[in-house]
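Each remark here refers to the structure printed beneath this line.
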Amino acid sequence: MKNPSVRFAPSPTGYLHIGGARTALFNWLFARQNNGKFLLRIEDTDLERSKEEYVDQITDALKWLGLNWDENIILQSNNNDRHQEMVDKMLENGTAYRCFLQKDELDKLRKESDKKKVIFRVPQTYRNLSSKEEKKLIDEGKSFTVRIKVPDGETEFNDMVYGSIKVQNKDLDDFIIARSDGSPTYNFVVAVDDADMNITHVIRGDDHLANTPKQILVYKALGLNIPIFAHLPMILGSDKKRLSKRHAATNVQEYKEKGFTPRVILNYLSLLGWNPDSEKEIFDQNELINSFEFKQVQKKSAVFDEKKLLWISQQHLSEMSVRDLMNEIYALNPEWGDGLEWDYLKEVIKLIKDRSKTITEITSMSEIFFKDKLEYDIDLLNKTFNDKSIAIIKDFQSTLTSIEDWSREEIEKIFEDIMEQHEVAIGQVMKPVRVAISGIPFGPGIFDLILLLGKEICQIRLRHALSVI
RNA sequence: GGCCCGUUCGUCUAGUGGUUAGGACUCAUGGUUUUCAUCCAUGCAACAGGGGUUCGAUCCCCCUACGGGCUGCCA
């Protein structure tokens, strides 16, 4: 494969969803792997539903994911003249014709066929009209669509994922390429645009598999080069239905807000419908580029599983440097740790990164390092404290005051002393101390926690805790 | 209805004409750990059904079922 050109062609009728992102990813991987071009075309010809804000949302999401495209974005709506020209060309070269069947006539025929349980076929009434007859109808003001003259025979192509696909042309009908208002239809436009962009490989969702033969007929009618096709299986929700707005989270943006990094999303998405042919599951972008192969792309649709996503995320986070984590945190929340020392923040991250599955978990757990006094959960206090543990906290607090050398050793020693004094296991000391000092019953090692927070804050929190128990 | 596509543990997936059908996530149990998380160990759990072909089919062929897509003057 030498320098292929591929494209991602979303329509701006909504945000970029997970399925679209996966399609974009596979296009991107293929282009990058083969020194090709990854182009972006916005299919904005549905004036009713297309919105400019969605274009921004989609491009922002792609940029965030790092799926950078080459060259300028192509707006399909800018190609109107070209489309018109190509419709005319087909009319001229006899591969298309004006069809004067009206919509209501067709609807009626369709209904009748349905009722009779016969296969509906578009009547080819106007397929071979003489130009004289045609002119007459136009002069009468009869509206018409333009239909392709589907030739006899069959259309076959070799899909990179699905293999050989063959259909009988008679099953295709003379489909419309231009509506009665003159606007061209999808199956026509997509072929023309892909050809104009010199797309060599069309990689898209398998919902287009059945449209492909139609598009091939357009290529042929116009004498254009037919690209290679690769159809990707769908991504489903946990109910096994095609991913849609009804599902929990489908918007790429939502995953950003949930604290997943682009690398994590890309890694997980790559594993939906593709397998690396090895036990390896954690990949960065470059590794994906090197490993990706259509041979390993699945034909069956895959269910999106957030549990596995979380696991992938956790794996990535545990491998990330503090500095990289810092960048991700700030990307999500620029105000994180405002006013605090860099060195302190670095230590905070070190203490909690291994216990977090997402960036959001890091930022929320880090809260316990960012204020003097904590707000305690009543239930937790009730569960944690009784007369004995209160006594322990009191002793712990006063012993802490006397400590001179703020070191891990000294802190550990306090715990030991208290243990002896009260004749309890170390857990009996740690649990109440942890809750008093961090407000939560889990988290970083208690010695690390105390050490990093510093004597003063610990004192404040212990006293505060004692006052509210 | 017609055409096209698909079907291996709950999920993502390996796999071969003869395997104890493998791994990962989840879940359960145990261990490590001052908590939590990690980590380690163990366990639960699958070839949609029926016919062929074959000495032998999860694998090859056919049918059925189920699911999805297309069948629009949507994209």
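Heads up: the first sequence begins at 40 in the working numbering, then just goes up one per residue. Yeah, the Cβ is synthetic: ideal placement off N, Cα and C, and Gly gets one too.
Quiz item: Taking just the CA atoms, how far does I113 sit from I388?
Solution: Start at 1 with the first residue of the first sequence, and residue 388 comes out as number 349. Start at 1 with the first residue of the first sequence, and residue 113 comes out as number 74. Distance between the alpha carbons of I388 and I113: 42 Å.
Self-check item: Where Q207 sits in the DSSP three-state scheme
Solution: Taking the first residue of the first sequence as position 1, residue 207 is located at position 168. In the structure shown, the three-state DSSP call for Q207 is strand.
Exercise. Might you give, ordered along the chain, the residues of its own chain that have their beta carbon closer than 7 Å to the beta carbon of I508, omitting 5 neighbours on each side?
Key: To locate residue 508, count along the first sequence from 1; it is residue 469. Around I508: L420, F424, I429.
Quiz prompt | Cβ neighbours of N167 in the same chain (closer than 8 Å, five flanking residues each side left out) | solution = Translated into positions along the first sequence, residue 167 becomes position 128. In the same chain as N167, and ignoring 5 residues on each side of it, the C-beta atoms closer than 8 Å to its own belong to Y136, in chain order.
Practice problem: State the DSSP-derived secondary structure class of A341, mapped to helix, strand or coil. | Solution: Here residue 341 is taken as the residue at index 302 of the first sequence, counted from 1. A341 sits in a strand when the DSSP states are folded into three classes.
Exercise. Please state whether DSSP places G244 in a helix, a strand or coil.
Key: What you label residue 244 is simply residue 205 of the first sequence in a count that begins at 1. If DSSP states are grouped into helix, strand and coil, G244 belongs with the strands.
Self-check item: Straight-line Cα distance separating A100 from E92
Solution: For this step, residue 92 is matched to residue 53 along the first sequence. For this step, residue 100 is matched to residue 61 along the first sequence. Rounded to whole angstroms, E92 and A100 show a C-alpha spacing of 12 Å.
Quiz item: Are the segment 233 to 242 and the segment 287 to 295 touching by the rule of at least three beta carbon pairs closer than 8 Å?
Solution: With a cut-off of 8 Å on Cβ pairs, the segment 233 to 242 is not in contact with the segment 287 to 295, counting fewer than three such pairs.
Quiz prompt | Reduced DSSP secondary structure (H/G/I, E/B, other) of L313 | solution = The residue you call residue 313 lines up with position 274 of the first sequence. It should be pointed out that residue 313 corresponds to Trp in this sequence rather than to Leu. Secondary structure of W313 (DSSP, three-state): strand.
Quiz item: Of all the alpha helix (DSSP H) runs that stay within the bounds of the segment 319 to 405, which reach a length of 4 or more residues?
Solution: 324 to 330, 345 to 358, 361 to 371, 381 to 391, 398 to 404, all fully within the segment 319 to 405.
Practice problem: Below 8 Å on the Cβ atoms is my guess for I242 versus F69; work out the distance and round it to an integer in Å. | Solution: The residue given as residue 242 occupies position 203 in the first sequence. The residue given as residue 69 occupies position 30 in the first sequence. At roughly 6 Å, the Cβ-Cβ gap stays under 8 Å, so I242 and F69 are in contact.
Exercise. Go ahead and label T194 buried or exposed: buried means 16 or more other beta carbons lie within 10 angstroms of its beta carbon, across all protein chains shown.
Key: Counted from its first residue, the first sequence places residue 194 at position 155. So T194 ends up on the buried side.
Quiz item: Cα-Cα, which of K452, V45, A341, F299 is closest to N314?
Solution: Counting from 1 along the first sequence, the entry for residue 314 is found at position 275. Measuring from the Cα of N314, the nearest candidate turns out to be A341.
Quiz item: Is the segment 168 to 187 in contact with the segment 207 to 227, if contact means three or more CB pairs nearer than 8 Å?
Solution: The segment 168 to 187, when compared against the segment 207 to 227, does touch it at the 8 Å Cβ threshold.
Self-check item: Nearest to Q460 (by Cα), restricted to the options K142, W381, I479, K433
Solution: Position 421 of the first sequence, counted from the start, is the residue given in the question as residue 460. Taking the Cα of Q460 as reference, the smallest distance to any Cα among K142, W381, I479, K433 is reached at K433.
Quiz item: Helix or strand or just coil, what does DSSP make of A100?
Solution: Along the first sequence, one-based indexing puts residue 100 at 61. Looking at A100 - three-state DSSP - the assignment turns out to be helix.
Practice problem: Return the chain-ordered list of same chain residues with a C-beta closer than 6 Å to the C-beta of L79, the five sequence neighbours on each side being excluded. | Solution: As a first step, residue 79 is located in the first sequence; it is residue number 40 there, counting from the start. Closer than 6 Å at Cβ, skipping near neighbours: F47, W108, I112.
Exercise. State the DSSP-derived secondary structure class of L55, mapped to helix, strand or coil.
Key: Reading the first sequence from its first residue, position 16 is the one you call residue 55. DSSP, read as helix, strand or coil, puts L55 in coil.
Quiz item: Helix, strand or coil: which one does DSSP assign to N132?
Solution: Position 93 of the first sequence, counted from the first residue, corresponds to residue 132. Residue state, collapsed to three classes: coil.
Practice problem: Assess, as a yes-or-no matter, whether the segment 357 to 376 is touched by the segment 333 to 349 under the definition of 3 or more beta carbon pairs within less than 8 Å. | Solution: No, because fewer than three Cβ pairs between the segment 333 to 349 and the segment 357 to 376 fall closer than 8 Å, the two stretches do not touch.
Quiz item: Given K494, which residues of its chain have a CB within under 8 Å of its CB, disregarding the five upstream and five downstream residues?
Solution: Here residue 494 is taken as the residue at index 455 of the first sequence, counted from 1. Excluding the 5 residues flanking it on each side, K494 has same chain C-beta neighbours closer than 8 Å at L439, I442, W445, in chain order.
Exercise. For the alpha helix (DSSP H) containing K433, list its first residue and its last residue.
Key: Working through the first sequence from its first residue, we reach residue 433 at position 394. Per DSSP, K433 belongs to the alpha helix (DSSP H) from 426 to 441.
Self-check item: C-beta atoms of T251 and H270 nearer than 9 Å
Solution: What you label residue 251 is simply residue 212 of the first sequence in a count that begins at 1. What you label residue 270 is simply residue 231 of the first sequence in a count that begins at 1. In terms of Cβ geometry, T251 and H270 form a close pair [threshold 9 Å].
Practice problem: Might you give, ordered along the chain, the residues of its own chain that have their beta carbon closer than 8 Å to the beta carbon of P22, omitting 5 neighbours on each side? | Solution: Outside the shown range of the chain, which is 40 to 508, sits residue 22, and nothing can be said about it.
Quiz item: Is it buried or exposed for K392, if we count other Cβ within 10 angstroms and need 16 for buried?
Solution: What you label residue 392 is simply residue 353 of the first sequence in a count that begins at 1. Counting of Cβ neighbours within 10 angstroms places K392 among the buried residues, the total reaching 16 or more.
Practice problem: Would you mind sorting L275 into buried or exposed? The rule is 16 or more other CB atoms within 10 Å of its CB. | Solution: Here residue 275 refers to the residue found at position 236 when the first sequence is read from its first residue. Under this definition L275 is a buried residue.
Practice problem: Buried or exposed for R61, please, with buried defined as at least 16 other CB atoms from any protein chain shown within 10 angstroms of its CB. | Solution: By 1-based counting over the first sequence, the position of residue 61 is 22. Flag for R61 reads buried.
Exercise. Check whether the Cβ atoms of N384 and L64 sit closer than 9 Å, and answer yes or no.
Key: By 1-based counting over the first sequence, the position of residue 384 is 345. By 1-based counting over the first sequence, the position of residue 64 is 25. Going by the sequence as given, residue 384 is Leu instead of Asn. L64 sits away from L384, with the two beta carbons spaced by 9 Å or more.
Practice problem: Within 10 angstroms of the Cβ of W177, are there 16 or more other Cβ atoms? Answer buried if so, exposed if not. | Solution: In the first sequence, counting from the first residue as 1, residue 177 sits at position 138. Reading off the sequence shown, one finds Ile at residue 177, where the question assumed Trp. Classification for I177: exposed.
Quiz item: With a CB to CB cut of under 8 Å and the five nearest residues on each side skipped, what residues in its chain are close to N153?
Solution: As a working note, residue 153 is residue 114 in the first sequence. Checking the sequence, you will find Asp at residue 153 rather than Asn. Residues of the same chain with a CB within less than 8 Å of the CB of D153, apart from the 5 flanking positions on each side, are F159 in chain order.
Self-check item: P471 (DSSP reduced to helix, strand or coil)
Solution: Within the first sequence, the letter at position 432 stands for residue 471. Looking at P471 - three-state DSSP - the assignment turns out to be helix.
Self-check item: Counterpart residues of G202 in DSSP-defined beta bridges
Solution: In the first sequence, counting from the first residue as 1, residue 202 sits at position 163. Answer is D198.
Practice problem: Measure the CB-CB distance between N118 and V228 and report whether it falls below 9 Å. | Solution: Residue 118 sits at position 79 when you count from the first residue of the first sequence. Residue 228 sits at position 189 when you count from the first residue of the first sequence. Judged by their CB atoms, N118 and V228 are nearer to each other than the 9 Å cut-off.
Practice problem: Please report how far the alpha carbon of K259 lies from the alpha carbon of K147, in whole angstroms. | Solution: Along the first sequence, read from residue 1 onward, the residue named residue 259 stands at position 220. Along the first sequence, read from residue 1 onward, the residue named residue 147 stands at position 108. The straight-line gap from Cα to Cα measures roughly 32 Å.
Quiz item: Between the Cα of D418 and the Cα atoms of G478, N372, R88, which residue gives the shortest distance?
Solution: Numbered from 1 along the first sequence, position 379 holds the residue referred to as residue 418. When G478, N372, R88 are compared, the shortest CA-CA separation from D418 is found for G478.
Quiz prompt | Element boundaries [alpha helix (DSSP H), containing A230] | solution = Locating residue 230 in the first sequence gives position 191, counting from the first residue. Taken as a continuous stretch (DSSP letters only), the alpha helix (DSSP H) holding A230 covers 225 to 235.
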